[in-house]
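Only one structure is covered here, and it is reproduced in the block below.
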Amino acid sequence: MTDYSKPENTLRPDLKLIADLIESDSRVLDVGCADGSLLSFLVHHKNIDGRGIEISQGGVNACVAKGLFAIQGDADNDLSEYPDGSFDYVILSRTLQAVHRPKNVLLELLRIGKKAIVTIPNFGQWRVRLSLMTRGRMPVTRTLKKTWYNTDNIHFCTILDLFDLMHQEGIKVREFVPHSKAGKRLQMGPARANLFADQGLFLIEPGETSAK
Amino acid sequence: MKAAVNARIQLDAEKGKGKGKFVLVDKLPPEGFSERLNSAGAVHVINPNSNRLTLFKDKPLTLDGGAELSPVDVAFETYGTLNAEASNAVLICHALTGDQYVASAHPITGKPGWWGRLVGPGKLIDTDKYFVVCSNVLGSCLGTTGPASVNPETNKSWGIDFPVITIRDMVKVQAALIKELNIDRLLMVIGGSMGGMQVLEWLTTYPERLHSAVVIASAARHTAQNIAFHEVGRQAVMADPNWSTGAYYEHDEKPAKGLSVARMTAHITYLSEDALTKKFGRNLQERDTVTFGFDADFQVESYLRHQGSTFVDRFDANSYLYITRAMDYLDIPGRYNGRLADAFTGATHVRCCVISFTSDWLYPTIENKRIVHALNAAGVPVSFAEIQSAHGHDAFLLEAPEMDAMLTGFLDSAAKSYAPLPKGAKS
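Written out as structure tokens, the structure reads:
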């Protein structure tokens, strides 16, 4: 097995939620893999064969130093060349709201991967709603820290919005894990989660109709 | 130190698995070398102070163009020591006008090795740990067989009777050399520009003999613009009356003007507008005002003239024609019905790394990314980064801390993951 120099034993709690869903010995593509923490954790604890896509050069260098394979690129431009079904899981963590064509990216994830894990910051969370209602200005909250003119988030959506899109595209939601910013699971359905969860995690599969 | 390295090679060859046919050509002392270079017509190949092996003596090298070549001399430099398992060998592939002096002084110019920044004891490619090999490519003029070499059939220099070669032909010669050095599988093959093209051909042709591969600022095919610039260079050489249809070796005068213009044009493509502006702007060369004449008024003109005139001292004009042609003929996707990924199906075990530079317009990021996408599509593990640099294509030869960081991490993990092949699994 490949020797990785810096094993990751602790993981950011929200990434741990993702790691828990991934079966051992699978092939994983992490889109927006940052410094490769999640991939490295999965390599060591679940013996996965992992690859990453990361927009920052520093992130790519960090991945390579960990013995991982990462390419500098982004979800909008670098998914199309991967063959169908080349991964067991494709992960898109807190990135969907920052891509140019979210629907297209979502479908690409499920073309490349047999399953995909998508997490989003929930723009329907009560703090966001309250902030917009009371202040009348674009919300800056604990999960959305940047102002409207310098945020990377260009396609805001709520948990229910994403459910709607998945329904529309015939995508099956196998697991839905609403959670707090700290990665604490919230035991509630989509409607309540849309009001209370900082983030939503979706484990999805192509439905029969969307399978190509 | 070099003697020690040679002794080591000799020793390995003797004890090594019954392969005693290793012939090390006696080296010329550097003084003798410059004498011979200066006596016009006496020696055409710029005979370096290098190791040299004669390969393809019994079985000729069959070239992509169909011709056969025998024998083939290969001049090469080595640094460091090959370990007992032959598991620490790194092959460095040089660019168009590069040479085997990757980390030692050039025999003519005296300039330090072209990648001395990265290769040496304690450096990124640490020659205390790794055994580094760099050979002069087929068709070049620093000791490896090329158009300036003597055609055994006529006893005269080949000139343009030398068969046209390809990048893959260069790699076939390197593969034969590596075999001769008793290296079954390279820890890493690495190269920038045309060196990267050779790395790609290693991946298509000898993937089983690689553990890892690094392609820097390169492309899997030459574009119309790439070919166009090369054609200007070749036409400049051919338009020089001293070129004499390639048969200038017996003459006192060489096509220096033509080759110099070719180099000037090419040199522009290695830089960027930004780099030229920063370095020269519209600055005048040792004068306060323009002269209303055609002297080198501008610093950039003077610089290019200097680049051209120094180049002709160290390079053969016909070699320039042949090697640029080889690059123009490169079209790896073309060999696979346009699907580059199909070229790499045998390389799924090879750890790959591709690097491009933001200001490189000769082999821009998009061409490098095509390679990355194809490797991904073929299931080859690959890392890729586009490094910020204003230096243009030449960035790979210059200071690039981000590239260094990437390469350091990549080489470390490649070395850690290298496992010798099981016995009997040799190809």
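Going down the list, the sequences are from chains A and B. Take the first sequence: its letters are residues 1 to 212, numbered as in the numbering used here. Take the second sequence: its letters are residues 1 to 427, numbered as in the numbering used here. Quick reminder that beta carbons are idealized off the backbone N, C-alpha and C, glycines included. If you're wondering where the values come from, they're calculated on a predicted model, not measured in any experiment.
Any chain A beta carbon closer than 7 Å to residue i
i: Met403 (chain B); result: no
i: Asn376 (chain B); result: yes
i: Leu410 (chain B); result: Residue identity differs from the one stated: residue 410 (chain B) is Phe in this sequence, not Leu. Chain A, which has a Cβ nearer than 7 Å to the Cβ of Phe410 (chain B), makes this yes.
i: Phe22 (chain B); result: Residue confidence is low: Phe22 (chain B) scores 31 on pLDDT, short of 50, so the model does not pin down where it sits. No coordinate-derived value is stated.
i: Val214 (chain B); result: no
i: Pro457 (chain B); result: Only positions 1 to 427 of chain B appear in the structure, and residue 457 (chain B) is not among them; the question remains open.
i: Val382 (chain B); result: yes
i: Ala347 (chain B); result: no
i: Ala140 (chain B); result: This sequence places Ser at residue 140 (chain B); Ala is not what is there. Output row for Ser140 (chain B): interface = no.
i: Ala385 (chain B); result: yes
i: Ser104 (chain B); result: no
i: Ser413 (chain B); result: yes
i: Met406 (chain B); result: yes
Cβ-based neighbour list, residue i, same chain, cut-off 8 Å, excluding 5 preceding and 5 following
i: Arg142 (chain A); result: Arg127, Lys181 and Asp198
i: Thr291 (chain B); result: Asp297
i: Tyr206 (chain B); result: Val171 and Ala175
i: Cys112 (chain A); result: A small correction: the amino acid at residue 112 (chain A) is Ile; Cys does not occupy that position in the sequence shown. Within the same chain, Ile112 (chain A) has close Cβ partners Leu29, Leu79, Tyr82, Pro83, Asp84, Gly85, Ser86, Phe87 and Val90.
i: Pro364 (chain B); result: Ser356
Closer than 7 Å to chain B by CB, residue i
i: Tyr89 (chain A); result: no
i: Tyr149 (chain A); result: no
i: Glu81 (chain A); result: yes
i: Thr69 (chain A); result: What sits at residue 69 (chain A) in the sequence shown is Phe, not Thr. Yes, its Cβ sits closer than 7 Å to a Cβ of chain B.
i: Pro34 (chain A); result: One detail in the question is off: residue 34 (chain A) reads as Ala in this sequence, not Pro. Judged by the 7 Å Cβ criterion, Ala34 (chain A) is not in contact with chain B.
i: Val64 (chain A); result: yes
i: Asn47 (chain A); result: no
i: Asn61 (chain A); result: yes
i: Gln125 (chain A); result: no
i: Gln72 (chain A); result: yes
i: Gln57 (chain A); result: yes
Contacts around residue i, its chain only, beta-carbon distance under 6 Å, and the 5 residues preceding and following it disregarded
i: Glu31 (chain B); result: Here the model assigns Glu31 (chain B) a pLDDT of 36, short of 50, so the residue's position is not dependable, and the following value carries that caveat. Nothing meets the Cβ criterion.
i: Trp115 (chain B); result: Val102
i: Ile48 (chain A); result: Ser26, Val28 and Leu42
i: Cys352 (chain B); result: Ala213, Leu375, Val380 and Val382
i: Gly80 (chain B); result: Thr127, Tyr130, Phe131 and Val132
i: Arg325 (chain B); result: Val164
i: Glu108 (chain A); result: Leu79
i: Leu15 (chain A); result: Leu38
Cβ-heavy atom distance, residue i to the ligand NAP, below 6 Å
i: Gly183 (chain A); result: Ligands displayed in this structure: none; no statement on the ligand NAP is therefore possible.
Cβ separation of residue i and residue j, assumed to be a contact under 8 Å, to the nearest whole Å
i: Leu181 (chain B); j: Val90 (chain B); result: The Cβ separation is near 12 Å, so there is no contact.
i: Ile120 (chain A); j: Leu96 (chain A); result: 5 Å
i: Pro178 (chain A); j: Ile159 (chain A); result: 7 Å
i: Val173 (chain A); j: Phe196 (chain A); result: That pair is no contact at about 18 Å.
i: Phe396 (chain B); j: Ile216 (chain B); result: 5 Å
i: Ser431 (chain B); j: Ser319 (chain B); result: Residue 431 (chain B) lies beyond the stretch modelled for chain B, which goes from 1 to 427, so this question has no answer here.
i: Gly65 (chain B); j: Pro163 (chain B); result: 6 Å
i: Ser260 (chain B); j: Gly308 (chain B); result: 3 Å
i: Ile430 (chain B); j: Ala341 (chain B); result: In this structure chain B extends from 1 to 427, so residue 430 (chain B) is not present and cannot be described.
i: Val60 (chain A); j: Ala70 (chain A); result: 5 Å
i: Leu39 (chain A); j: Leu68 (chain A); result: 5 Å
i: Gln317 (chain B); j: Gly258 (chain B); result: The amino acid occupying residue 317 (chain B) in the given sequence is Ala; Gln does not appear at that position. Correct: roughly 7 Å between the Cβ atoms.
Proximal residues to residue i (C-beta, below 7 Å), its chain only, five neighbours per side dropped
i: Pro420 (chain B); result: Glu85 and Ser87
i: Pro70 (chain B); result: The residue you asked about is not Pro; residue 70 (chain B) is Ser in the sequence shown. Answer for Ser70 (chain B): Phe56, Lys57, Pro60 and Leu61, listed in chain order.
i: Cys157 (chain A); result: Gln97, Ile120 and Phe123
i: Trp158 (chain B); result: Pro147, Ser149 and Asn151
Quiz item: When Cβ atoms are compared, which residues of the region 387–400 of chain B fall closer than 8 Å to chain A?
Solution: Per Cβ criterion, the list reads Ile387 and Gln388.
Quiz prompt | Cβ-based contacts, 7 Å cut-off: residues of the region 13–31 of chain A near chain B | solution = Cβ contacts with chain B come from no residue of the region 13–31 of chain A.
Practice problem: With 8 Å as the limit, tell me which residues of the region 356–374 of chain B have their beta carbon closer than that to any beta carbon of chain A; keep them in chain order. | Solution: The residues in question are Lys369, Val372, His373 and Ala374.
Practice problem: Report the residue ranges of all beta strand (DSSP E) runs contained in full by the region 159–239 of chain B; include only those spanning at least 3 residues, in chain order. | Solution: You should have 188–192 and 212–216.
Quiz item: According to a CB-to-CB cut-off of less than 8 Å, which residues of the region 126–146 of chain A neighbour chain B?
Solution: Against chain B - using a Cβ distance shorter than 8 Å - the region 126–146 of chain A contributes no residues.
Quiz prompt | Contained alpha helix (DSSP H) runs [length at least 4] in the region 246–279 of chain B, N- to C-terminal order | solution = 256–270 and 273–279, all fully within the region 246–279 of chain B.
Self-check item: Under 8 Å (Cβ pairs) to chain A, residues found in the region 215–241 of chain B
Solution: For the region 215–241 of chain B, there are no residues whose beta carbon sits under 8 Å from a beta carbon of chain A.
Practice problem: Could you list the residues in the region 65–87 of chain B with a C-beta less than 8 Å from some C-beta on chain A, going in chain order? | Solution: Within the region 65–87 of chain B, no residue qualifies.
Quiz item: Going along the region 166–200 of chain B in order, which residues come within less than 9 Å of chain A, judged by CB to CB distance?
Solution: So the list is empty, because no residue satisfies the distance condition.
Quiz item: When Cβ atoms are compared, which residues of the region 246–271 of chain B fall closer than 9 Å to chain A?
Solution: Within the region 246–271 of chain B, no residue has a Cβ that lies closer than 9 Å to any Cβ of chain A.
Quiz item: Going along the chain, which residues of the region 271–305 of chain B sit with their C-beta nearer than 8 Å to a C-beta in chain A?
Solution: Only those residues of the region 271–305 of chain B whose C-beta falls short of 8 Å from the nearest C-beta of chain A would be listed, and there are none.
Quiz item: Which residues, taken in chain order from the region 85–110 of chain A, show a beta carbon closer than 9 Å to some beta carbon of chain B?
Solution: For chain B, the residues of the region 85–110 of chain A that bring a beta carbon within less than 9 Å of one of its beta carbons are Ser86, in chain order.
Quiz prompt | alpha helix (DSSP H) runs wholly inside the region 94–144 of chain A, at least 4 long, in chain order | solution = Fully enclosed alpha helix (DSSP H) runs of 4 or longer: 102–112 and 126–135.
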